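Student: Every position in the sequence shown, counted from 1, becomes a number in the working numbering once 232 is added.
Here you go, one structure.
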Amino acid sequence: MSGEEDKQNITLNPFEIAKRQIDIVAKMTNLNPDLIEIIKHPKRILEVSIPVRMDDGKLRVFTGYRVQHNDARGPFKGGIRYHFQVDLDEVKALATWMSIKTAVVDIPYGGGKGGIICNPKEMSQPELERMTRRFTWEISGIIGPFRDIPAPDVNTNPQTMAWIMDTYSMSTGRATPGVVTGKPIALGGSLGRNEATSRGVVICAREAAKITGVKLKDATVAITGYGNVGYNAAWLIEELGAKVVACSDSKGGIYDPNGLDARKVRKHKSKTGSVKGYAGAKDIAGKDIIGLDVDFLFPCALENEITSENVDQVKARIISEGANGPTTPEADEVIFKKGIFLVPDILANAGGVTVSYFEWLQNIRREYWTEEAVNEKLEYRMVKAFHEVHDIAKKETVHMRTAAYVLAVGRIATVMELRGLYP
Ligand code: GLU
233 MSGEEDKQNI TLNPFEIAKR QIDIVAKMTN LNPDLIEIIK HPKRILEVSI PVRMDDGKLR
293 VFTGYRVQHN DARGPFKGGI RYHFQVDLDE VKALATWMSI KTAVVDIPYG GGKGGIICNP
353 KEMSQPELER MTRRFTWEIS GIIGPFRDIP APDVNTNPQT MAWIMDTYSM STGRATPGVV
413 TGKPIALGGS LGRNEATSRG VVICAREAAK ITGVKLKDAT VAITGYGNVG YNAAWLIEEL
473 GAKVVACSDS KGGIYDPNGL DARKVRKHKS KTGSVKGYAG AKDIAGKDII GLDVDFLFPC
533 ALENEITSEN VDQVKARIIS EGANGPTTPE ADEVIFKKGI FLVPDILANA GGVTVSYFEW
593 LQNIRREYWT EEAVNEKLEY RMVKAFHEVH DIAKKETVHM RTAAYVLAVG RIATVMELRG
653 LYP
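Structure representation (structure tokens):
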């Protein structure tokens, strides 16, 4: 590997990025360096082999991870992702970001994350079920409603959560819905959970628009990633009067300056497997979405979408990050200097885990809340967190990501300091 390539790899390694973001806060504040050092290390990492009988009778062994980053403030909390690019450093970063995220929105959780290296798009439902159940069994000793609570993430959904709930409940001998969130409604899932991440992304975009003076009526929006987060963010921002002019998925993108129809694009994707080829829109390369001249950009795909390579092309006025880790630290600096208002992942997409918390509360209290009640509580918490972060950003003249880290790392460190070091 050449020196240049090596440098690139380090900059794009999500866990290195997560640690650098924590270091930025450490330099700015007078937090105890010992605590910072602990926060830069996940508390526990479990790697498991998952043997699965495939439909053709052959056996395949998948590798899965559960990383438990920090539980000073409450049980570990975070999703499980199925993707062929999953690797341990990615899961460690995602787990770290979950600890930060739950602290930004001030819910009583820590952070964790799981992942299985697989290509779910090439697997049948029975294969996915067998893989999910065996993975759950392998991690069942370290999860639980008061220990570590998984949830959906990239390529996992309410059905996946139902299999996790059932497998875990088999091992405890009683129905234990609180072990996982993002479940189907009939199984103790919460109304509003499915759209919660996107609702948060759009609430943050709306608050940022108020601050920057961008009008939502007829504003233009571009979205990368058209899974659960990207799609729901699209129709939610349309409801506020904005026009979604472009979106993309892993296969390509589409553009229509007059505005797409979020729901129709989703139907087209369900039928054909991609947003590409949507009638009336122009097919464009997925990577071109980042450089479109729009008011709002919602990166809702994977990590490292906005990097030092393409940040110069960004023309959006407001960015609200639906994905985890879409922007590298180098790109963050450029975006800040360009005067673009960026709402970072750890705040913008925290609506998902916030409603996961509401779901868990309903499960352990045996309650059912109305969708209005859920959305109202979500709105309150997101707006509060947004302004807490924005106040720090203004006071310290830093960008919103650094401000969110200052708030979150401070909250985690305070609790760790009070609890002290064991033994
Ligand atoms: N996977 C989502 C995230 O990255 C949700 C996590 C959760 O609800 O626990 O925030």
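Quick reminder that beta carbons are idealized off the backbone N, C-alpha and C, glycines included.
Source: prediction; values computed, not measured.
Report, in whole angstroms, the separation of the C-beta atoms of V453 and A474, which I expect to be a contact under 8 angstroms.
Tutor: Locating residue 453 in the sequence shown gives position 221, counting from the first residue. Locating residue 474 in the sequence shown gives position 242, counting from the first residue. Indeed, because the Cβ distance is near 5 angstroms, the residues count as touching under 8 angstroms.
Student: How big is the Cα-Cα spacing for V323 and K251?
Tutor: For this step, residue 323 is matched to residue 91 along the sequence shown. For this step, residue 251 is matched to residue 19 along the sequence shown. The straight-line gap from Cα to Cα measures roughly 13 angstroms.
Student: Comparing the CB of G557 with every heavy atom of the ligand GLU, is any distance shorter than 6 angstroms?
Tutor: Within the sequence shown, residue 557 is the residue found at index 325, counting from 1. For the ligand GLU, not one heavy atom lies less than 6 angstroms from the Cβ of G557.
Student: How would you call T413, buried or exposed, if buried means at least 16 neighbouring beta carbons within 10 angstroms?
Tutor: In the sequence shown, the residue the question calls residue 413 occupies position 181. Counting Cβ neighbours within 10 Å, T413 comes out buried, since at least 16 surround it.
Student: Run the proximity test for A383: is its beta-carbon closer than 6 angstroms to any non-hydrogen atom belonging to the ligand GLU?
Tutor: Taking the sequence shown and counting its residues from 1, the one referred to as residue 383 is at position 151. A383 Cβ: within cutoff of the ligand GLU.
Student: To which residues of the same chain is A383 closer than 8 angstroms at the C-beta, ignoring the five residues directly before and after it?
Tutor: For this step, residue 383 is matched to residue 151 along the sequence shown. Hits under 8 angstroms: K309, G310, G311, I312, M393, V412, T413, G414, G584, V585 and S588.
Student: Heavy atom of the ligand GLU less than 6 angstroms from the Cβ of V323, yes or no?
Tutor: Within the sequence shown, numbered from 1, the residue matching residue 323 stands at position 91. Not so, every heavy atom of the ligand GLU lies at least 6 angstroms from the Cβ.
Student: Alpha carbon to alpha carbon, what distance is there between A533 and K503?
Tutor: Within the sequence shown, residue 503 is the residue found at index 271, counting from 1. Within the sequence shown, residue 533 is the residue found at index 301, counting from 1. One C-alpha to the other measures close to 20 angstroms.
Student: Inspect the beta-carbon positions of S552 and A451 and report whether they are closer than 7 angstroms.
Tutor: Against the sequence shown, residue 552 aligns to sequence position 320. Against the sequence shown, residue 451 aligns to sequence position 219. Against a cut-off of 7 angstroms, the Cβ pair of A451 and S552 comes out as no contact.
Student: Check whether the stretch 628 to 645 and the stretch 335 to 350 touch, using three or more Cβ-Cβ pairs below 8 angstroms as the test.
Tutor: yes
Student: Would I371 pass as a contact of R298 if the rule is Cβ separation under 7 angstroms?
Tutor: The sequence position of residue 371 within the sequence shown is 139, counting from 1. The sequence position of residue 298 within the sequence shown is 66, counting from 1. A contact, by the Cβ cut-off of 7 angstroms.
Student: Buried or exposed for V606, please, with buried defined as at least 16 other CB atoms from any protein chain shown within 10 angstroms of its CB.
Tutor: Position 374 of the sequence shown, counted from the start, is the residue given in the question as residue 606. Looking at its Cβ environment, which holds 16 or more other Cβ atoms inside 10 Å, V606 is buried.
Student: Give me, in chain order, the residues of the same chain whose beta-carbon lies closer than 6 angstroms to that of E535; leave out the 5 immediate sequence neighbours on both sides.
Tutor: The count along the sequence shown starts at 1 and reaches residue 535 at position 303. Cβ neighbours of E535 beyond the five flanking positions: P246 and G557.
Student: Is the distance from the Cβ of G342 to the Cβ of S356 below 7 angstroms?
Tutor: As a first step, residue 342 is located in the sequence shown; it is residue number 110 there, counting from the start. As a first step, residue 356 is located in the sequence shown; it is residue number 124 there, counting from the start. No, Cβ-Cβ distance for G342 and S356 is not below 7 angstroms.
Student: Between the stretch 628 to 638 and the stretch 567 to 582, are three or more C-beta pairs nearer than 8 angstroms?
Tutor: yes
Student: Taking the beta strand (DSSP E) that H301 belongs to, which residues open and close that run?
Tutor: As a first step, residue 301 is located in the sequence shown; it is residue number 69 there, counting from the start. Unbroken beta strand (DSSP E) run through H301: L291 to N302.
Student: Quick check on the burial criterion: 16 or more other C-beta atoms within 10 angstroms. Buried or exposed for I443?
Tutor: The count along the sequence shown starts at 1 and reaches residue 443 at position 211. Label assigned to I443: exposed.
Student: Any contact between the stretch 622 to 630 and the stretch 463 to 477? By contact I mean 3 or more CB pairs, one from each, below 8 angstroms.
Tutor: no
Student: Say whether the stretch 359 to 367 touches the stretch 385 to 404, bearing in mind that this needs 3 or more beta-carbon pairs closer than 8 angstroms, one atom from each stretch.
Tutor: yes
Student: When DSSP labels each residue in this structure, what does A555 get in the three-state scheme?
Tutor: Position 323 of the sequence shown, counting from 1, holds the residue named residue 555. Here A555 sits in coil by DSSP.
Student: In whole angstroms, what separates the C-alpha of T560 from that of R406?
Tutor: Locating residue 560 in the sequence shown gives position 328, counting from the first residue. Locating residue 406 in the sequence shown gives position 174, counting from the first residue. Approximately 44 angstroms between the Cα atoms of the pair.
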